Structure formats: structure tokens, C-alpha cells
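In what follows, a structure is listed as C-alpha cells, so that the remarks can point back to it.
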Amino acid sequence: MEFRTARLRLRSLRSTDRSAWIAGMEASAELHGAWVPLVTLDASARFAAQLAEHESGASWKGIALADDGRIAAWVNLNGIQRGVSQSANAGWSVSAAFAGQGMMVEAVGALLDVAFAPEGVALHRVAAGIMPENARSLRVAAGCGFREEGFAPELVNIAGQWRDHRLFAKLAREHRPVG
Numbered sequence: 587m588e589f590r591t592a593r594l595r596l597r598s599l600r601s602t603d604r605s606a607w608i609a610g611m612e613a614s615a616e617l618h619g620a621w622v623p624l625v626t627l628d629a630s631a632r633f634a635a636q637l638a639e640h641e642s643g644a645s646w647k648g649i650a651l652a653d654d655g656r657i658a659a660w661v662n663l664n665g666i667q668r669g670v671s672q673s674a675n676a677g678w679s680v681s682a683a684f685a686g687q688g689m690m691v692e693a694v695g696a697l698l699d700v701a702f703a704p705e706g707v708a709l710h711r712v713a714a715g716i717m718p719e720n721a722r723s724l725r726v727a728a729g730c731g732f733r734e735e736g737f738a739p740e741l742v743n744i745a746g747q748w749r750d751h752r753l754f755a756k757l758a759r760e761h762r763p764v765g
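Residue 683 in the numbering used here sits at position 97 of the sequence shown, and the numbers go up by one each step.
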């Protein structure tokens, strides 16, 4: 499964992405440090866990590739719920090499294409939680049409501190494909 935007090609994570995934995550660690949970596994183990979660169907893990083939962003549909919910939580991060270039709205828009497409993950609802201080991710959520639904105090432990999150969501009927 592959979705395209003006500048990116979004596809699911593959075992052959291991080296590029690890190198990109390591090069971007400082950029992401303030926004992600404390990392307890080394990069190789993290990649293996991400791939296993994707392959099990519990999550959809993807990468957005630039025209030159480098990873520009990582996008995820975490905690996929089937049955009466048909929902997941979106997560995203930009590669440090592509930060500030406006690619995340494209990458997350394509992730929503994957999430809602019948030939994709076929979800009804995608949610996202964003720390109030994360202005860039808040702009991505707004640019992709997420609606704000609420506020969750101390929702996620980030780098040893329980952090508040603003809660957003988007329904399949609200989405206009970008890819």
C-alpha cells in the first residue's frame, strides 16, 4: 500500500527499512526529545518492536519518503481498535533533516488517507493527543482538519514527567483525500 502527496511517498514500514529507520531516529533524537516518551530500548530493539506491532495489525507504522528516497517523517496509527469502534490514535514525527519544510501536513494527510481508505486500514475515527507546548504539531493537526475535543491532564509520561495533552479527532466522513 502506497499513498503519494506533492512531495512525499507514504508506505508501510518494512524490514528492509531497518538501517535508514535507525539512522534517521538517531539523527532526530534531540529534535524529538521534548515530545516523546522516555526511550528505554536501543534503536535496533525499537525498530523490531515497531515492525512486530505493525505486522500483528495492532498498529499501522509508516514512513514518508522524500523524492530522493530519504525518510522525511514517521507516521503511525497506534492502538487500532476494531469491532464497534474502528479507531486508532495518530502519531507523527519529522526527520531532523526535513524539519521546518512544511512536509508534516502532507505526511499526516496521507496517513489519514491510509486510515480512512477502504483499501487502507478502513477506520471510522482517528484521534491525536498533543502537548499544549508543541506548537508545530498543533499546526499539523489544524492543517489536517482535526477537531479539538478536549483536554487530558497528565495523560502521558514524557521524559519522566506526566504531561497534559490537548485531544483532537477526525472522522472518515470529514476527510478529503490528499493523495
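Note that CB positions come from ideal geometry on N, CA and C, so glycine has one too. None of these values were measured; they are calculated from a predicted model.
Bounding residues of the alpha helix (DSSP H) (the contiguous stretch that carries residue i)
i: H761; result: Unbroken run through H761: none, as it is neither H nor E.
i: L637; result: A629 to S642
i: L724; result: A721 to G729
Residue-chain proximity (residue i, chain B), Cβ-Cβ < 9 Å
i: G731; result: Chain labels in this structure do not include chain B; a single protein chain is all it has.
Run of the beta strand (DSSP E) containing residue i, from where it starts to where it stops
i: G677; result: S673 to V680
i: G709; result: According to the sequence as given, residue 709 is Leu; it is not Gly. Premise fails: L709 is in no beta strand (DSSP E) and is neither H nor E.
Cutoff 8 Å; reference residue i; Cβ partners in own chain excluding five residues on either side
i: E740; result: W748, R749 and D750
i: A676; result: V661, N662, L663, N664, V694, L697, L698, A701, V712, A713 and A714
i: I692; result: The question names Ile, yet the displayed sequence has Glu at residue 692. T591, A592, R593, L594, A650 and V764, listed in sequence order.
Environment of residue i [buried if 16+ CB atoms lie within 10 Å]
i: D603; result: buried
i: G736; result: exposed
i: V726; result: buried
i: A638; result: exposed
i: E705; result: exposed
i: S645; result: buried
i: R752; result: buried
Residues near residue i in its chain [Cβ-Cβ closer than 6 Å; skip 5 each side]
i: H761; result: L698 and F702
i: P763; result: D699
i: E719; result: none
i: G729; result: V691
Nearest-angstrom Cβ-Cβ length linking residue i and residue j, presumed shorter than 8 Å
i: A659; j: F684; result: 7 Å
i: R593; j: M690; result: Contact flag wrong, Cβ pair sits at about 11 Å.
i: I716; j: S681; result: Their Cβ separation, rounded to whole angstroms, is 19 Å, which puts I716 and S681 out of contact at 8 Å.
i: M587; j: S598; result: 6 Å
i: A767; j: L724; result: Outside the shown range of the chain (587 to 765) lies residue 767, about which nothing can therefore be said.
i: S642; j: I608; result: The pair is not a contact, with the Cβ atoms about 21 Å apart (cut-off 8 Å).
Residues bridged to residue i (per DSSP)
i: S598; result: G648
i: H751; result: A738
i: Q667; result: S673
i: E588; result: R597
Cβ shell of residue i (< 7 Å), same chain only, five flanking positions each side left out
i: R733; result: F754, A755 and K756
Check: residue i C-beta below 8 Å from any heavy atom of the ligand ATP
i: M587; result: Ligands in the displayed structure: none, and consequently the ligand ATP is not present.
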